[in-house]
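Working notes, structure below.
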Amino acid sequence: MEDYNKENRKVKIELDNKTLYVDSELNLALALYNSGIKVLSRSIKYHRPRGIFCLSGKCSNCLMTVNGLPNVRACQTNVSEGLKVKVQNAFPNGERDFLSILDKLSFLMPVGFYYKYLAKPRILWELSKRLIQSLTGLGKLPKEEELCIIGKEPIQSIECDVVVIGGGIAGISASLEAVKTGVKVILIDENSQLGGKASLWRYMDANERSFLSTIIHELEAYEGRGLSILRNSVAFGFYEGNELGVLCGNKILRIRGKATIFATGSYDKMYIFENNDLPNIFTTSGILKLVNLYHVKPFGDGVIIGSNGLAIKLAYELIQSGVKIKAVAEINEIMNKDNASKLQELGVEVYANHTIDKAEGTKGVKRATLIQIDKDGKKIEGTSIKINCNFICIASYPQPTFELISQAECKMNYSAERGGFIPNRDEYLSISPNIYVVGDAGGICHFNLKILEGRLAGISAAINAGSQQKGLIDLREDLVKYIEKEMMNLPIEYTLGAKKEDLIIKHNKNLGKSFICFCLDILEKDIVDSVKEGYRDIEEIKRYTGIGTGICQGKRCLINAIRVFARELNLSLNDPIIHIPTQRPPITPILLGVLAKVST
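With our numbering, the residue at position 301 of the sequence shown is 335, and numbering never jumps.
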């Protein structure tokens, strides 16, 4: 791990009643990590150690109690002098949690055990309920004197011509094309800087990075001249009449546009394997943020597992940043043999047609077990390879976002070629009148195609918003034809999608702790048992197991739960019975004190 100059660690904070000096320039999660603290929280049911994972506020791994306020995402929290931080769900502290004995007793707590074994007699339920309530929960409510007081700032209503949600390359392209036509545009992005995931890559795709920088500067020149950019803002709900709820700090905005463009990107999928919840297991975006954005190197040596050439690409990127990589496993054949050869010359073992079977360790990764798979995704017995390592990164094919889009009452179908559930779009990328989906959210990961889709949606939205600029309709038709042509010539890595990842899940039935939901400690086995007990609808399984109801609200677990559910019923993911459960706003946690304000 990179050792920052000690002079930078000049902020004193308190962690579990112990004094710690941390780097003031990092967020709380990274400041702790860079000081050698790997365990940031304990899981709600089994009290297993959890550490940084995605660094984007999309999981529950770094929930901590900060200045008395529970469930604060450490990766989204700035460090300040005197900060008081506690690891949640741990006694007496995160490193030594006596309640971790529950992990050894997990066989006594199958899914729904309290319904089956504790409901009768009633006195047993009353006693059991109190015990369960005392041992579980997401943190503890603060005392009155510790309460975080939120100012009474009214909810503000804003109207414009075009609203774009997402500041990645597709959203930037859509915003720029729309504002050029003279309409008023609002761009909403959850980060402080535009660029999305593409901005996290420093050494690969230098031409793409240069173009991204150019188009961002061009777009920002329109700020105040028809364009408003809401940074560090999260769109949390899409309501009737194309009204969007947006959380901007501790302020809520109600934004209504004549046209809405969803450029909400994608999530890094998690693979299902034994002990996949250990600290020092990262997503692609998580480790890129760690290394390239915050300049913090992970502990020790790493192993990368992925598909469609992404694992090779990520390994090469991290090595250029000074990170040590021992091995790379691709579940497909090696697509970029030149990059693979470069890695081998640097001493990195490269395995084709391999996936991860198991991670080992207690409070962090110590070893990874890889296993060879055949063309159908089945594990080949006797091919296991054990590799000592300190971190693991999952470089999976991205999963399109679905929460806001599904709230727009859009029908979504599964596409293995596009990596997940994607919306039905017409030739203008519209899912319904005046609502468009572009880029990763529509299953398009190719850089140039995302730019083209953004341009097409931006022009279409501007036309529907009333732009009178000449030639827009002809330009729109030309773009439609050009995109159709480019789609026919996509490189093979952009057409394989999640096909082999789906096959691996089809044959994966681990007996160990293979987690699907990190928020509520729901295992692959729990979904399997639910199906065995007669549940035949994903909504029923959601209610029975709680899958998708944790603090990440299904962002990390729902798609894998659906895939396992379909596998157990021997159904295609395109079967009519398979669907994404209802997504209700808000899709991100919001303090009640912020919601309880008067509208203007």
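Glycine included, each C-beta is placed from N, C-alpha and C at the ideal position.
Residue i in three-state terms, based on DSSP
i	result
F147	helix
V73	coil
K392	strand
G627	helix
M304	coil
M98	strand
C109	helix
K46	strand
L377	helix
N482	helix
L253	helix
D37	Because D37 carries a pLDDT of 45, less than 50, the predicted location of this residue cannot be relied on, and the following value inherits that uncertainty. It is coil, neither helix nor strand.
D57	coil
S267	strand
S114	coil
V638	Any question about residue 638 goes unanswered here, given that the chain covers just 35 to 634.
F272	strand
G230	helix
L603	coil
E679	Outside the displayed span of the chain (35 to 634) sits residue 679, for which this structure offers no information.
A124	coil
Y67	helix
N447	strand
R311	According to the sequence shown, residue 311 is Asp rather than Arg. D311: coil per DSSP, three-state reduction.
Spatially closest choice to residue i from the options, by CA coordinates
i	options	result
I86	V330, V598 and V384	V330
G340	L352, T317 and E379	T317
V384	Y431, A595 and L344	L344
A212	K360, A499 and L60	A499
F125	C109, H81 and H541	H81
S501	L142, L158 and K214	K214
I405	I421, V399 and G398	I421
G146	I426, E573 and D560	D560
K566	N604, I250 and Q587	N604
S162	L175, Y148 and K174	Y148
A630	K92, L60, Q190 and D57	Q190
S606	M369, S267 and L537	L537
L592	I581, T294 and R601	I581
L324	I368, D195, F425 and H388	F425
L635	Y256, M143, L139 and R76	Outside the shown range of the chain (35 to 634) lies residue 635, about which nothing can therefore be said.
Unbroken beta strand (DSSP E) run spanning residue i, endpoints
i	result
A349	Taken as a continuous stretch (DSSP letters only), A349 belongs to no beta strand (DSSP E), being part of the alpha helix (DSSP H) at L344 to Q354.
K120	K118 to V121
V362	K358 to E364
R290	K285 to F296
I192	Q190 to I199
T403	R401 to Q406
Short Cβ contact (8 Å threshold) for residue i with residue j
i	j	result
A208	F481	no
R107	L97	yes
I477	I206	Going by the sequence as given, residue 477 is Gly instead of Ile. No, these two residues do not count as a Cβ contact at 8 Å.
T622	A475	no
Y301	Q110	no
I78	N127	no
P83	K397	yes
G275	R290	yes
L377	A349	yes
A393	N309	yes
P332	V73	no
V562	E520	no
Anticipated Cβ contact below 8 Å, residue i with residue j, distance rounded
i	j	result
L253	G229	About 11 Å separates the two Cβ atoms, so there is no contact after all.
K303	Y431	7 Å
S94	I585	5 Å
I353	I346	No, I353 and I346 are not in contact; Cβ-Cβ is about 11 Å, not under 8 Å.
S464	S494	7 Å
G453	A532	5 Å
L261	V219	5 Å
L490	R510	7 Å
N366	K534	6 Å
A402	C423	5 Å
Q572	P615	First, the residue type needs correcting, since residue 572 is Ile and not Gln in the sequence shown. I572 to P615, Cβ: 6 Å. Contact.
Residue range of the alpha helix (DSSP H) that includes residue i
i	result
L277	Looking at the sequence itself, residue 277 is Glu, so the reference to Leu does not match. Not the alpha helix (DSSP H): E277 falls in the beta strand (DSSP E), residues E277 to C282.
N422	Run containing N422: none in the alpha helix (DSSP H); it sits in the beta strand (DSSP E), I419 to N422.
R82	Note, R82: premise wrong, no alpha helix (DSSP H); not H, not E.
G320	T318 to L322
Q441	E437 to Q441
R510	L506 to M522
Y569	Taken as a continuous stretch (DSSP letters only), Y569 belongs to no alpha helix (DSSP H), as it is neither H nor E.
S207	I203 to V213
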